[in-house]
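First residue of the sequence shown? That's 11 in the working numbering, and the numbers climb one at a time after it.
All C-beta atoms in this analysis are idealised placements derived from N, C-alpha and C, irrespective of residue type, glycine included.
The structure appears below as structure tokens.
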Amino acid sequence: MFLETLVDFITLHREDLQDWLFILLTQLLKKMGADLLGSVQAKVQRALDVT
11 MFLETLVDFI TLHREDLQDW LFILLTQLLK KMGADLLGSV QAKVQRALDV
61 T
């Protein structure tokens with residue numbers, strides 16, 4: 011649920027968050043770690059593709 015909301019949030023506010031997107035997504039990925047399920051990896055990739 012969070013990642014779907016994140017994609018929508020980034021899509022809507024991409025221009026306003028331009029300078030912060032890299033920092034925010036980097037922190038998100040660090041917290042999630044390398045042990046992601048395939049379904050979660052696909053959602054993270056979708057969020058990265060939006061940026």
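Quiz prompt | C-alpha gap between LEU38 and ALA57, whole angstroms | solution = 11 Å
Practice problem: Alpha carbon to alpha carbon, how far is GLN51 from LEU31? Give it in angstroms, no decimals. | Solution: 18 Å
Exercise. State the Cα-Cα distance for the pair LEU16 and SER49, rounded to the nearest angstrom.
Key: 15 Å
Quiz item: Under the rule that 16 or more other beta-carbon atoms within 10 Å means buried, what is ILE20, buried or exposed?
Solution: buried
Self-check item: Alpha carbon of LEU47 to alpha carbon of LYS40, nearest angstrom
Solution: 15 Å
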